[in-house]
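Chains A and B supply the protein sequences, listed in that same order.
Take 1 as the starting number for the first sequence in our numbering and just add one per residue.
Take 1 as the starting number for the second sequence in our numbering and just add one per residue.
Report on the structure given below.
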Amino acid sequence: MRRALERPSHARDPGRPRHRGARGHRDRPRHPDRRGRVSARGRARELAGGATFASQRRASLPPLALAGALLLAVAAFALTRGAAAIPPATALGVLLERLPLLPFEVDAPATWERIVLEVRLPRVVAAGIVGAALGFAGASYQGVFRNPLAEPFLLGVSSGAALGAAIAILSPLPTGAYGFSWVPAFAFAGAALTVVLVYLLARAGAAANDATLILAGVALSAVLSAATSFLLLTGGEQARPIFSFLFGGFNTATWQRIAIGTPYIVAGAAVVALHARVLDVLQLDSEQAGQLGVNVNRVRLTVLAAASLMAATAVAMAGIIGFVGLIVPHAVRMLVGAGHARLLPLAALVGASLLIAADVVARTALAPQEVPVGIVTALAGGPFFLYLLRAHRAGLGPR
Amino acid sequence: MTAARAPVAEGQAPPAPPPRSTPTLEAPTLEARGVAVEAGGRRLLSGVDLALGAGELVGLVGPNGAGKSTLLRALTGMVPLAAGSVTLGGRALSSVARRERAKHVAVVQQLPEAPHSITVAELVLLGRYPHLGLLGRESARDRDYAADAMRRAGCLALAGRELGTLSGGERRRAFIARALAQEPTLLLLDEPTAHLDVAAQAELFAVLRELAAGGAGVLVVAHDLTLAAVHCERLLLLAGGRVVAHGPPEAVVSAENVARVYGAGVEVIADPRGGGPLVVPARERFRE
């Protein structure tokens, strides 16, 4: 399965000239003196770049700073957009006024302040946190499975969460849009139980490996999705809110929900971050990793559990939002390489930016009606992803 | 079962080991005693004895399916033993922590995998993993070790190249450098010369000899008996999971042993340059 899904790599094509100008040289007759000169120059270049290592070859700060700046810009922009006609400068001013050490005074009606601080800001923050969690968890999954098509819902997080949410929605439990709701709690429980069940199924008889984990995840997901579909079909009008969960959204974002979810996401990220370098070693085959002193199974399960916790929390906070956990880490890897110490924080920052931007589109494109944000990420993310693939394959994309 | 066993190098005084960063187990000997391995009800190895100490270059030879790779895996704790023991510096291998083991024993598999887009330098630096701290950050010293490993494996000039752009021989050196970056006292290689042309094979053995001369214990699985006999101080000939012969190359690669293990298709002649044994295709059947 993994082989068929392996990441496309132009580097595998030996016919592709590595340096511009190499082709012209190849077509020319080879004079010994000329060849000697060229190869000597190439050798010198290799030696010059020779003793360089990842940390020097690709400086890690500029991409991080750039991604951070992008996130701030996108978040600021998102704060100025919305149904209420609040001037952008006032909207930002309301927030800046609250920050310490900034000499800001804004004359804004109390309702505007309420809208910015209690409606727009939690929405932006929630989208950022969920996007960061999905990007980060996706990078972790892809690292563990050594497969760029792995994503945080691979082990059944989304289908388990959907069934949990559907049960909560159809049950007589309170499902208010604001204040406490059983839906995220049930979604989280469904996601967590599913991942544990997938692991137990995969482990049956022997140690869980890539293939059995993925197969168990796919099989269990199919069963749970069927159950959710059944509930959707038979639930009648009462089942309609299930749809909005299935496509995700931040219209229910509240500070309370953010406060409940964020600690799980931070804890999961901290555990994965401690394994960043081990994940680099795991990009070798597991036998080599084992001979380098890595307890491969323990590391994999730890990272998968932590990343699944992040994904389950993200789904509980915002419903099922596809594509972010798949394309963000993949795109970031294409841009900065596979070192996880760089990849993980960048995937989080880019994921946050992308989802905040997608949420702006979701709430403004057809205002006052909301488009589910999962539809926006799929519509925008799919083509962008294809563009990246093409550009990378053609050698045009940055490496 | 262990016919023609010559005295093993246990008594030899190893040359002074190079300075090491972790003086926990000084230049330990890796030793297999009566090792047996079973898989799927089949016995892959039985009663194998082998010791590998500092400064030796030992060849592990035998026909396909003789159990060479299995022995290598048993020596690194990658397969469970059905009988016998493997010890590292006198301690049972299973009682040595993984990381500790990785600091002393490095392995180059037959077909190691790594992402195509990582550079040789990045690959080699991964070999420093057993020496890293909790956060896994390399120091300048780790980079120096990695550069030194590339120099010794003869691939320093390839440092900036991506793995996917290397030839078979270059790739092999990159993985040897990856193993050397572990600062192992013992290096085990599974058919490092497979798929290499004759010149690249000779160069590779030259690298291994240099490593052994520098104090490392090197165990190399080889298919080419002649090549192994030329370069190794000691050979272990396996067939059907058992040791057929163990000792100096001239004793192991004898006409009798080769006929017994490989049948009538090959014969052993003396190197006309006045050296050791040459294993060549038998001529009788093709003569007019």
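A virtual CB, placed ideally from N, CA and C, is assigned to each residue, including glycine.
Could you name the residues that DSSP lists as bridge partners for residue i?
{"i": "S167/B", "result": "Bridge partners of S167/B: none, in fact."}
{"i": "D210/A", "result": "Paired residues: none, contrary to the question."}
{"i": "I269/B", "result": "L278/B"}
{"i": "V35/B", "result": "V48/B"}
{"i": "R42/B", "result": "A39/B"}
{"i": "L30/B", "result": "L52/B and L88/B"}
{"i": "G59/B", "result": "V220/B and L235/B"}
Buried or exposed: residue i, going by 16 or more other Cβ atoms within 10 Å of its Cβ?
{"i": "I176/B", "result": "buried"}
{"i": "R28/A", "result": "Because the pLDDT of R28/A is 36, which lies under 50, any placement of that residue in the model is unreliable, and the number read from its coordinates should be weighed accordingly. Flag for R28/A reads exposed."}
{"i": "Y145/B", "result": "buried"}
{"i": "S95/B", "result": "exposed"}
{"i": "Q238/A", "result": "exposed"}
{"i": "Y141/A", "result": "buried"}
{"i": "F243/A", "result": "exposed"}
{"i": "D197/B", "result": "exposed"}
{"i": "G133/B", "result": "exposed"}
{"i": "Q110/B", "result": "exposed"}
{"i": "G261/A", "result": "buried"}
{"i": "R171/B", "result": "buried"}
{"i": "L189/B", "result": "buried"}
{"i": "E256/B", "result": "exposed"}
{"i": "A110/A", "result": "exposed"}
{"i": "L284/A", "result": "buried"}
{"i": "T252/A", "result": "buried"}
{"i": "S221/A", "result": "buried"}
{"i": "P184/A", "result": "buried"}
{"i": "S308/A", "result": "buried"}
{"i": "L52/B", "result": "buried"}
{"i": "S117/B", "result": "buried"}
{"i": "T185/B", "result": "buried"}
{"i": "T194/A", "result": "buried"}
{"i": "Y387/A", "result": "exposed"}
{"i": "D271/B", "result": "exposed"}
{"i": "A216/A", "result": "buried"}
Report, in whole angstroms, the separation of the C-beta atoms of residue i and residue j, which I expect to be a contact under 8 Å.
{"i": "V105/B", "j": "T70/B", "result": "Their Cβ separation, rounded to whole angstroms, is 16 Å, which puts V105/B and T70/B out of contact at 8 Å."}
{"i": "A179/B", "j": "V120/B", "result": "Contact doesn't hold; Cβ gap of about 13 Å is too wide."}
{"i": "P112/B", "j": "Q256/A", "result": "Wrong, their Cβ atoms sit about 51 Å apart, outside the cutoff."}
{"i": "L166/B", "j": "A174/B", "result": "6 Å"}
{"i": "L163/B", "j": "L123/B", "result": "6 Å"}
{"i": "V403/A", "j": "L304/A", "result": "Any property of residue 403/A remains undetermined from this structure, which presents chain A solely from 1 to 399."}
{"i": "A341/A", "j": "R277/A", "result": "7 Å"}
{"i": "G164/A", "j": "L282/A", "result": "Not quite, the Cβ-Cβ distance comes to about 31 Å (not below 8 Å), so this is no contact."}
{"i": "G293/A", "j": "P130/B", "result": "4 Å"}
{"i": "I106/A", "j": "T80/A", "result": "Before going further, note that residue 106/A is Val rather than Ile in the sequence given. 13 Å between Cβ atoms; not a contact."}
{"i": "L224/A", "j": "G156/A", "result": "7 Å"}
{"i": "R152/B", "j": "L211/B", "result": "7 Å"}
{"i": "Q182/B", "j": "G127/B", "result": "5 Å"}
I'd like to confirm something about residue i: is its beta-carbon nearer than 8 Å to some heavy atom of the ligand HEM, or not?
{"i": "G325/A", "result": "With respect to the ligand HEM, the structure shown offers nothing to examine, as it has no ligands at all."}
I'd like to know if residue i contacts chain C, where contact means its C-beta is closer than 9 Å to some C-beta of that chain.
{"i": "L88/B", "result": "Judged by its chain identifiers, the structure shown contains no chain C, and its protein chains are A and B."}
- Give, in chain order, every unbroken run of the alpha helix (DSSP H) that is at least 4 residues long and sits entirely within the region 317-385 of chain A. Considered as a whole, the region 317-385 of chain A harbours 324-336 and 340-364 as its complete alpha helix (DSSP H) runs of no fewer than 4 residues, in chain order.
- Which ranges does the alpha helix (DSSP H) cover as unbroken runs of at least 4 residues, wholly within the region 186-262 of chain B, from first to last along the chain? As for any alpha helix (DSSP H) of minimum length 4 sitting wholly inside the region 186-262 of chain B, the runs are 198-213, 225-231, 249-252 and 255-262, ordered along the chain.
- Do the region 58-71 of chain B and the region 92-107 of chain B touch if we need at least three Cβ pairs shorter than 8 Å? Too few Cβ pairs lie closer than 8 Å, so no.
- Touching or not, the region 140-147 of chain B and the region 80-92 of chain B, by the rule of three or more beta carbon pairs under 8 Å? With a cut-off of 8 Å, the region 80-92 of chain B and the region 140-147 of chain B do not count as touching, because too few Cβ pairs lie within range.
- Query: Three or more C-beta pairs closer than 8 Å, one from the region 315-323 of chain A and one from the region 361-371 of chain A: is that the case here?
  - Reply: With the cut-off at 8 Å, the region 315-323 of chain A and the region 361-371 of chain A do not touch.
- Query: Counting only runs that start and end within the region 79-167 of chain B, where is the beta strand (DSSP E) found for 3 or more residues in a row?
  - Reply: Whole beta strand (DSSP E) segments, 3+ residues: 83-88 and 105-108.
- Message: Taking contact to mean 3 or more Cβ pairs, one atom from each stretch, closer than 8 Å, check whether the region 221-230 of chain B and the region 261-278 of chain B are in contact.
- Response: Short answer: they touch.
- Message: Would the region 369-386 of chain A count as touching the region 247-262 of chain A if we require 3 or more Cβ pairs under 8 Å?
- Response: Two segments are said to touch when three or more pairs of C-beta atoms, one from each, lie closer than 8 Å; by this definition the region 369-386 of chain A touches the region 247-262 of chain A.
- Quick one: any contact between the region 206-221 of chain B and the region 46-59 of chain B, if contact means 3 or more CB pairs under 8 Å? Verdict: yes, contact present.
- the region 160-167 of chain A contacting the region 184-193 of chain A, beta-carbon criterion three pairs below 8 Å: Yes, the region 160-167 of chain A is in contact with the region 184-193 of chain A.
- Can you find at least 3 beta carbon pairs, one from the region 115-131 of chain A and one from the region 341-359 of chain A, that sit closer than 8 Å? Verdict: yes, contact present.
- Item | Inter-stretch contact (C-beta, 8 Å, three-pair minimum) for the region 37-49 of chain B and the region 239-249 of chain B | Yes, they touch.
- What residue ranges within the region 133-207 of chain A form continuous alpha helix (DSSP H) runs of no fewer than 4 residues, ordered along the chain? The region 133-207 of chain A contains these whole alpha helix (DSSP H) runs: 157-170 and 182-203.
- Message: If we require 4 or more residues per run, which alpha helix (DSSP H) segments fall completely within the region 77-142 of chain A?
- Response: Listed in chain order, the complete alpha helix (DSSP H) runs (minimum 4 residues) inside the region 77-142 of chain A are 88-98 and 110-114.
- Given 8 Å as the limit, is there contact between the region 84-99 of chain A and the region 108-122 of chain A, that is, 3 or more CB pairs closer than that? Counting C-beta pairs closer than 8 Å gives three or more between the region 84-99 of chain A and the region 108-122 of chain A, which meets the contact rule.
- Item | Those runs of the alpha helix (DSSP H) which lie wholly inside the region 230-258 of chain A and span at least 4 residues | List check, alpha helix (DSSP H) in window: 240-247.
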